[in-house]
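S.K.:
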Amino acid sequence: MPKKSQSNSQGNLKQETSVGSRILEALTEGEISQLLDSLFVVLSDEQQETAFAQLQANTRETLTQIITPPQTVEQVKTSNIRPTSNAKLAQTWSQLWEQWNQIIWQASQEEGKYIVQEASWEEPYFDDCTFVEDLEVVAQQMKPLVKTAFENGFSNDDGFAASLLSAESEISNGIPDWMEIANGINLEGATTSCLLEWEWLLVQSQRQDGFKLAQKIREWSEEFTDTSLNDEAVIDFFSNLSDVQKKIILDGMTANRESKEWKSELENTYSYWHIIYMELMQEFATPEIYLNNLRATISQQWQNGLPVIEDLLGKQEYRESLTVIQETLDALLKNKQDQNPWTPENSLLFVVVGGFSYAAGNGEEHKTLLRYYQQAVRELGEIERANALEIQHIAFEYCYDWSSMLKAFAEIPVSKDTQKSLFTSWRESIIKRSTPYRYSDFYTTSKTVDNWWLHWLLDSITTEAKGHTWFRQRIIEWLEKLPGDPAQLGREYNVIHLLTRDLTQIKYQEKSPLPKFYEVVIQANQLSTPDEISRRTYLQEYAPPDLWERVLAYWQANLHNFVPLPEASKSSDYTKNAQWMSALKELAPQNYHSLLSQWKAQHKRRSNLWKAMRDLGLM
1 MPKKSQSNSQ GNLKQETSVG SRILEALTEG EISQLLDSLF VVLSDEQQET AFAQLQANTR
61 ETLTQIITPP QTVEQVKTSN IRPTSNAKLA QTWSQLWEQW NQIIWQASQE EGKYIVQEAS
121 WEEPYFDDCT FVEDLEVVAQ QMKPLVKTAF ENGFSNDDGF AASLLSAESE ISNGIPDWME
181 IANGINLEGA TTSCLLEWEW LLVQSQRQDG FKLAQKIREW SEEFTDTSLN DEAVIDFFSN
241 LSDVQKKIIL DGMTANRESK EWKSELENTY SYWHIIYMEL MQEFATPEIY LNNLRATISQ
301 QWQNGLPVIE DLLGKQEYRE SLTVIQETLD ALLKNKQDQN PWTPENSLLF VVVGGFSYAA
361 GNGEEHKTLL RYYQQAVREL GEIERANALE IQHIAFEYCY DWSSMLKAFA EIPVSKDTQK
421 SLFTSWRESI IKRSTPYRYS DFYTTSKTVD NWWLHWLLDS ITTEAKGHTW FRQRIIEWLE
481 KLPGDPAQLG REYNVIHLLT RDLTQIKYQE KSPLPKFYEV VIQANQLSTP DEISRRTYLQ
541 EYAPPDLWER VLAYWQANLH NFVPLPEASK SSDYTKNAQW MSALKELAPQ NYHSLLSQWK
601 AQHKRRSNLW KAMRDLGLM
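Okay, here's the thing in structure tokens:
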């Protein structure tokens, strides 16, 4: 090549490859940072201005914010926000979309990241949870950039909704034909927020309003096959729109509430559109309109009756409030009542609604309903019912506190029939909840127990003619007749088990002098109930002084009959057998040695059995 041509070629190369580009290729980010620090130290203000003048306006503004210290109070407040140029934001936005699209591509692969097989004998499945979580991680980074990206046209993407709709198709076509997205693609908060904000920006750019946005989101929801938005994120987004837009949305929904598009959504109390509609109505409509709409939904969500009842009580419309109270109770007790409809006099509402699933002190909405009911009937002169409702309210507050409940039954004036019905309801629920069981009870025909020591304890407390003496006689007679053979004992095993556990707690507070027996035999099945403190308090008061010794004597005489048989063990795992033998050795050494001798004769070839025994120091 001629020298002149060679020189021109080198010059062009220098023009095409700038110094900045070569520095980016040659140095690390840390080295470039050091270089810039050094340059800004030696460059004068005039030289900096000359250099900045050659840059784009946004880049120049960003650099000025970086190198100029804050002067005013407002600048100090905003100085924690790191200045970033639009070009850098556009780069970040593009990189995030690449990550987003890569996740969707992986999801559409027949053997991709989201096809999971937990065990070789199980069918693989599409892991929608991990897919959604991965999208959410990217969306959390995209969320602060959505507005800037839209306004500056960082990309030509059609937005998040279009991307997710396309993803459904790609995933459906990519995964095996027999595989389904079983649980759907339930988007999380940031992903939903990104979608909503993008669509809102698009609507605004077309000079349309908030109701148009709501319609667009409804349309997208109809188009989605598997994808659903996060309810809380949708509600929060619409709640944070301006009052002007929220009023427009309310007017639009009201005008279209009977349309095919909106009717089912606005009438469904579990739809986020219904929740948004009711919140907007509460904020902008008259109280009468709001409460009328709320009353129409009581059958779906009983709690919606509470504001309506409160309003009627405030207006002293007590008869009408009783009508709404009954509507509310019907909704609450739907599918929970038997042939006899619930009344305040015939059973405890706490029990009927499955109250033992509540922690004590919970059920605030139920208590509010009962208080409203009590207020209405008291104003109407129905004193018997008002007093019955007082007991109902106490049951929600102190259901597990025997002394509080027994005091309520004894002191609140109601008829004998009402008192008997409500006490029976409480008594039966306490016994049902406390009745112990083993899982094997569900698969065997063991002898059931209909009347046991908890029945006697409650009867002794509440029946004046019985009391301490009667309970002590009953429980001693029962122990004396209690079979030592497991087959004859049946489910009474569970009853003696519970009694032993309660007595151990009363006497030793979990510091049993027989730790192996307590851990292996008694503590093996946790039988805790919320009212066990009350039960043990009364058991301690009413039990014979030597009840613990009598119960212990029963176990000492019979525990060897309950030790699991080695021949019944599965997979040659004799850990449980050895543990029970350690408990037997601790409690009844003579019976232990006798049983051990039998085992040595009958099971001498079960090497794993003897290994398990040696591991526990029994050999």
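Reminder that position 405 of the sequence shown reads as 405 in UniProt numbering, one-by-one numbering, no gaps. For glycine and all other residues, C-beta sits at the position ideal for the given N, C-alpha and C. As the structure is a computational prediction, the values presented were derived from the model and not from experiment.
1) Identify the continuous alpha helix (DSSP H) that holds Arg257 and give its terminal residues.
2) Is the separation between the beta-carbon of Trp100 and that of Val132 shorter than 8 Å?
3) Hey, out of Asp177, Gly174, Asn256, whose CA is closest to Lys212's CA?
4) Run through DSSP, which three-state label would Phe154 get?
5) Just curious, the alpha helix (DSSP H) that Ala107 is in, first and last residue?
6) For the putative contact between Ile431 and Asp531, defined by C-beta atoms under 8 Å, what is the C-beta separation to the nearest angstrom?
7) Have a look at the DSSP bridge pairing and note the partners of Thr227.
8) Excluding the 5 residues flanking Cys129 on each side, which residues of the same chain have their C-beta closer than 8 Å to its C-beta?
9) Between the segment 536-547 and the segment 586-604, do at least 3 Cβ pairs fall closer than 8 Å?
10) What's the gap between the Cα of Gly159 and the Cα of Gly314?
11) State the Cα-Cα distance for the pair Leu241 and Ala149, rounded to the nearest angstrom.
12) Three Cβ pairs or more, each shorter than 8 Å: is that satisfied between the segment 580-594 and the segment 550-567?
13) When the Cα of Ser155 is compared with those of Glu98, Ile115, Ala543, Gln106, which residue comes out closest?
14) For Glu384, which residues of its own chain have a beta-carbon under 8 Å away from its beta-carbon, when the five flanking residues on both sides are left out?
15) Looking at the strands, I want to know which residues DSSP matches up with Phe126.
16) For Asn293, does the three-state DSSP call read helix, strand or coil?
17) Candidates Gly305, Glu390, Leu165, Arg614: which alpha carbon is nearest Thr323's?
18) Mind the definition here: the segment 181-196 touches the segment 228-242 only if three or more C-beta pairs lie below 8 Å; say whether that holds.
19) Can you give the Cα-Cα distance for Ala588 and Pro483, rounded to whole angstroms?
20) Which of the three DSSP states is assigned to Ala139 in this structure?
21) Can you say whether Gly617 is buried or exposed, counting buried as having 16 or more other CB atoms within 10 angstroms of its CB?
22) From Met613, Arg606, Lys604, pick the residue whose C-alpha is nearest to that of Leu584; which is it?
23) In three-state terms, what does DSSP make of Gly305?
24) What first and last residue would you give for the alpha helix (DSSP H) that runs through Gly467?
25) Using only CA atoms, which one of Gly252, Ile325, Thr269, Asp231 lies nearest to Leu187?
26) Considering Cα atoms alone, identify which of Gln473, Gly490, Ile217, Gly467 is closest to Asp450.
M.R.: Per the coordinate set shown:
1) For the purposes of this step, residue 257 is identified with residue 257 of the sequence shown, where counting begins at 1. Secondary structure note for Arg257: it is in no alpha helix (DSSP H), with a DSSP letter that is neither H nor E.
2) If you number the sequence shown from 1, residue 100 lands on position 100. If you number the sequence shown from 1, residue 132 lands on position 132. The answer is no: Cβ separation not under 8 Å.
3) Residue numbering aside, residue 212 sits at position 212 when the sequence shown is read from its first letter. Distance check between Lys212 and each of Asp177, Gly174, Asn256 places Asn256 closest, using alpha-carbon atoms only.
4) Counting from one through the sequence shown, the residue named residue 154 turns up at place 154. Three-state DSSP puts Phe154 in coil, outside helix and strand.
5) Position 107 of the sequence shown, counted from the first residue, corresponds to residue 107. Residues 86-107.
6) Within the sequence shown, numbered from 1, the residue matching residue 431 stands at position 431. Within the sequence shown, numbered from 1, the residue matching residue 531 stands at position 531. For a cut-off of 8 Å, the C-beta gap from Ile431 to Asp531 is around 11 Å, too long to register as a contact.
7) Walking along the sequence shown from the start, residue 227 turns up at place 227. DSSP, once it has assigned bridges, lists Ile185 as partnering Thr227.
8) The residue given as residue 129 occupies position 129 in the sequence shown. Excluding five sequence positions before and after Cys129, the CB atoms of its chain that fall closer than 8 Å to its own CB belong to Asn183, given in chain order.
9) Flag = no, the segment 536-547 and the segment 586-604 do not touch.
10) For the purposes of this step, residue 159 is taken as residue 159 along the sequence shown, with counting starting at 1. For the purposes of this step, residue 314 is taken as residue 314 along the sequence shown, with counting starting at 1. Approximately 50 Å, taken between the alpha carbons.
11) Here residue 241 is taken as the residue at index 241 of the sequence shown, counted from 1. Here residue 149 is taken as the residue at index 149 of the sequence shown, counted from 1. Leu241 and Ala149: Cα-Cα distance of roughly 20 Å.
12) Yes, the segment 580-594 touches the segment 550-567.
13) Residue numbering aside, residue 155 sits at position 155 when the sequence shown is read from its first letter. Between Ser155 and the set Glu98, Ile115, Ala543, Gln106, the nearest pair of CA atoms involves Glu98.
14) Here residue 384 corresponds to residue number 384 of the sequence shown, with the count starting at 1. Close CB contacts of Glu384 within its chain, under the 8 Å cut and outside five residues either way in sequence, are with Glu345, Val414, Ser415, Thr418 (chain order).
15) As a working mapping, residue 126 is identified with position 126 in the sequence shown. Answer by DSSP bridge pairing, in chain order: Ile115.
16) Here the question's residue 293 lines up with position 293 in the sequence shown. Three-state DSSP puts Asn293 in a helix.
17) In the sequence shown, the residue the question calls residue 323 occupies position 323. With distances taken between Cα atoms, Thr323 lies closest to Gly305.
18) Taking 8 Å as the limit for Cβ pairs, the verdict is that the segment 228-242 does touch the segment 181-196.
19) In the sequence shown, counting from the first residue as 1, residue 588 sits at position 588. In the sequence shown, counting from the first residue as 1, residue 483 sits at position 483. The straight-line gap separating the alpha-carbon atoms of Ala588 and Pro483 is approximately 18 Å.
20) Along the sequence shown, one-based indexing puts residue 139 at 139. Ala139 carries a helical assignment under DSSP once its states are collapsed to helix, strand and coil.
21) Taking the first residue of the sequence shown as 1, we reach residue 617 at position 617. When all chains shown are included, Gly617 counts as exposed.
22) Residue mapping note: residue 584 aligns to position 584 of the sequence shown, counting from 1. Of the residues Met613, Arg606, Lys604, the one whose Cα lies closest to the Cα of Leu584 is Met613.
23) Taking the first residue of the sequence shown as position 1, residue 305 is located at position 305. In this structure, Gly305 counts as helix in the three-state DSSP scheme.
24) Here residue 467 corresponds to residue number 467 of the sequence shown, with the count starting at 1. From DSSP, the alpha helix (DSSP H) with Gly467 extends over 467-481.
25) If you number the sequence shown from 1, residue 187 lands on position 187. Comparing Cα-Cα distances from Leu187 to each of Gly252, Ile325, Thr269, Asp231, the minimum goes to Asp231.
26) Here the question's residue 450 lines up with position 450 in the sequence shown. It is Gly490.
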